[in-house]
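As structure tokens, the structure follows; a few thoughts come after it.
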Amino acid sequence: MSVVEGARVDTGTEDPVRLDGRLKLVLVVLLVAQFMLAVDFSILNVALPVIGDGLGFSLSNLQWIATSFALCAAGFTLLFGRVADLFGRRRLFLVGLAVLGLSSLAGGLATSPEMLIAARVFQGLATAAVTPAGLSLLTTSFPEGPLRQKALGLNGALMSAGFTTGAILGGVLTDLLSWRWAFFINVPVALAVLFIAPTVIKESRPQSRPKLDVPGATAVTLGLLALIYGLTQAGEHGWGSGSALGWLAAGVVLLVAFYAIEAKSSAPLVPVSVLKKKTVAWGNIAGLIAFLTETSLVFLMTLYLQEVLDFSPLTAGLSFGVLGVGTVIGGSIAPRVIGATSTRATLVIGGVLQAVATLSLVALGETSASMWLLLVATFAGGIGNMLVIVGFMVTATTGLPDHEQGMATGLATMTQQVGITMGTPIMSAVAAANADIHAGITTAVIVNTAIVVAGILTTVLFLRAKQPS
Numbered sequence: 002m003s004v005v006e007g008a009r010v011d012t013g014t015e016d017p018v019r020l021d022g023r024l025k026l027v028l029v030v031l032l033v034a035q036f037m038l039a040v041d042f043s044i045l046n047v048a049l050p051v052i053g054d055g056l057g058f059s060l061s062n063l064q065w066i067a068t069s070f071a072l073c074a075a076g077f078t079l080l081f082g083r084v085a086d087l088f089g090r091r092r093l094f095l096v097g098l099a100v101l102g103l104s105s106l107a108g109g110l111a112t113s114p115e116m117l118i119a120a121r122v123f124q125g126l127a128t129a130a131v132t133p134a135g136l137s138l139l140t141t142s143f144p145e146g147p148l149r150q151k152a153l154g155l156n157g158a159l160m161s162a163g164f165t166t167g168a169i170l171g172g173v174l175t176d177l178l179s180w181r182w183a184f185f186i187n188v189p190v191a192l193a194v195l196f197i198a199p200t201v202i203k204e205s206r207p208q209s210r211p212k213l214d215v216p217g218a219t220a221v222t223l224g225l226l227a228l229i230y231g232l233t234q235a236g237e238h239g240w241g242s243g244s245a246l247g248w249l250a251a252g253v254v255l256l257v258a259f260y261a262i263e264a265k266s267s268a269p270l271v272p273v274s275v276l277k278k279k280t281v282a283w284g285n286i287a288g289l290i291a292f293l294t295e296t297s298l299v300f301l302m303t304l305y306l307q308e309v310l311d312f313s314p315l316t317a318g319l320s321f322g323v324l325g326v327g328t329v330i331g332g333s334i335a336p337r338v339i340g341a342t343s344t345r346a347t348l349v350i351g352g353v354l355q356a357v358a359t360l361s362l363v364a365l366g367e368t369s370a371s372m373w374l375l376l377v378a379t380f381a382g383g384i385g386n387m388l389v390i391v392g393f394m395v396t397a398t399t400g401l402p403d404h405e406q407g408m409a410t411g412l413a414t415m416t417q418q419v420g421i422t423m424g425t426p427i428m429s430a431v432a433a434a435n436a437d438i439h440a441g442i443t444t445a446v447i448v449n450t451a452i453v454v455a456g457i458l459t460t461v462l463f464l465r466a467k468q469p470s
């Protein structure tokens, strides 16, 4: 394979075995960008009611602040991941960051609901571009093996910590300054990365540019948009609503059509041979379950803290600080666990730890005396969940050539964002099925644990054991 500049070529030279100064700077730049994107997923959650009052959102339209972002972030990520492969990963990374900075500035200056929603749409599109482009730059900058595992471990830890940080930061900024700073904070970070990145990150793209699979891209993008919209409708109106079922069905039909198109395409967006690889297929299943369960558990615990224990939004957000510490520790030790065992074993170990920690939350009572259990369980669960996430990223991007890394990381990013979007509607529907909020949360915790166990079983049964190189 021959590619230009930043991608590796077979020159007979050995890959680096340790991080030099330039690679450390590359890692810092990419991790800062990914952390910022993760923060954006949760930073507005606490501020939604305040934003609604400030800009005149009706209660029924308030959810579109989150939905418009999630639709674009999840719906376009696979397409942009392939675009990064074809037209240049660094180019798309930089363009996406510029769009993110401008749309964040527009969101902070918004004076109407329409202006804010438009800003969120462009933030979502920018996230769909920057995340797979950044991940593919990460996987092509670091050779397969310990260096890549370390880089992906740090990336996973900061991504997960970013969700927690967003919840905390959103509460702090809203209480002390204004909800507008939840947007403004992106601007200086984006400018700093845009200033440094071109000097340290080399371009990476194929030397010969194949055609973009337009029919496949259209089918998968529309399918994901329909699926994500159906999930948000299910969370809002219930899983039995005609609107939710109709959109979900349309999403499934379009994704089946996408698979059929890819099987016949001469230049597929995602080759069927890649989709059939067990590491790609079952690795992404493990990742989907990891993101679905942990992010929705944060929602359930937020509900518990505010509705059962009557904590303020800021106090509830700060309570998840221990979860953030757990995810950082999990991401830091994951490469060592993979090196000592295998990615498959790491997925199982992390899943078991997450399942046990989650199940223990059924013992939460209705007084603040249960806080010690919540803190210990979310800390341990964060470590376990991060072991799974790093194991998933390593598994889903291993064994593929550099020219397919954008596609592979696009798939992984799509998995991540669909999992994040799916989790809350599912657990919200389960919790709401019981009139007693505490009992409903307990039932949802049991369902959450069962999904984690299902992920462990799919890994054990279908993912081949493979020792790391």
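Following our numbering, the numbering of the sequence shown begins with 2 at its first residue and continues without gaps.
The beta-carbon is built from N, C-alpha and C at its ideal position, and this holds for glycine as well.
- For Y305, there is no enclosing alpha helix (DSSP H), as DSSP marks it with neither H nor E.
- Taking all protein chains shown into account, S313 has fewer than 16 neighbouring C-beta atoms within 10 Å of its C-beta and is therefore exposed.
- About 6 Å separates the beta carbons of T359 and N449, which is inside the 8 Å limit, making them a contact pair.
- In this structure, L56 sits near L117, with a CB-CB distance shorter than 8 Å.
- According to the DSSP assignment, K265 belongs to the alpha helix (DSSP H) that extends over G243 to K265.
- Between the beta-carbon of G288 and that of A397 there is about 7 Å, and that keeps the pair under the 8 Å contact cut.
- For N285, the closest of M428, Q417 and G331 by C-alpha to C-alpha distance is Q417.
- Secondary structure at G366: coil, using DSSP grouped into helix, strand and coil.
- Considering only G53, L155, V27 and L170, the residue with the shortest C-alpha distance to S320 is L170.
- In the three-state DSSP reduction, V271 falls in the coil class, being neither helix nor strand.
- With at least 16 other beta carbons inside 10 angstroms of its own, L375 counts as buried.
- Just measuring C-alpha positions, the residue of I384, L412, A335 and L136 sitting nearest R91 is L136.
- With a 10 Å radius around the Cβ and a threshold of 16 neighbouring Cβ atoms, L270 comes out buried.
- Residue environment analysis places D437 among the exposed positions, since fewer than 16 neighbouring C-beta atoms fall within 10 angstroms of its C-beta.
- Take the alpha-carbon of V84 and the one of T344: they are about 29 Å apart.
- Rounded to the nearest whole angstrom, the C-alpha separation of I427 and G163 is 22 Å.
- In this structure, DSSP gives E204 a state outside helix and strand, which the three-state scheme calls coil.
- Relative to the Cα of A107, the nearest Cα in the group Q124, V96 and L93 belongs to Q124.
- The alpha-carbon of L103 is positioned some 7 Å away from that of V188.
- CA-CA distance, S429 to L301, rounds to 8 Å.
- In this structure, A75 lies near V419, with their beta-carbon atoms less than 8 Å apart.
- Here I427 carries a helix assignment [DSSP, helix/strand/coil].
- If the five residues before and after T166 are omitted, its C-beta is found closer than 7 Å to the C-beta atoms of V40 and G325, all from its own chain and listed in chain order.
- In this structure, the CA atom of L276 is about 10 Å from the CA atom of A264.
- A distance of 8 Å or more separates the beta carbons of A282 and G456.
- In this structure the region 350-358 touches the region 366-383; the number of beta carbon pairs closer than 8 Å is three or more.
- For T398, the uninterrupted alpha helix (DSSP H) run begins and ends at M372 to T398, by DSSP.
- In this structure, G441 keeps its C-beta atom at 8 Å or more from the C-beta atom of L293.
- Under the three-pair Cβ rule at 8 Å, the region 215-230 counts as touching the region 249-258.
- In this structure E295 is buried. Its beta-carbon is surrounded by 16 or more other beta-carbon atoms within 10 angstroms.
- L138 is the residue among L138, T399 and L87 whose C-alpha sits nearest the C-alpha of F94.
- Less than 8 Å separates the beta-carbon of I66 from that of I52.
- In the three-state reduction of the DSSP assignment, W180 falls in the coil class, being assigned neither a helical nor a strand state.
- Between the alpha carbons of V221 and V273 lies a gap of roughly 14 Å.
- In chain order, T303, L306 and Q307 place their CB closer than 6 Å to the CB of A317, counting only its own chain and leaving out the 5 sequence neighbours on each side.
- In the three-state scheme derived from DSSP, where H, G and I count as helix and E and B as strand, G239 is classed as coil.
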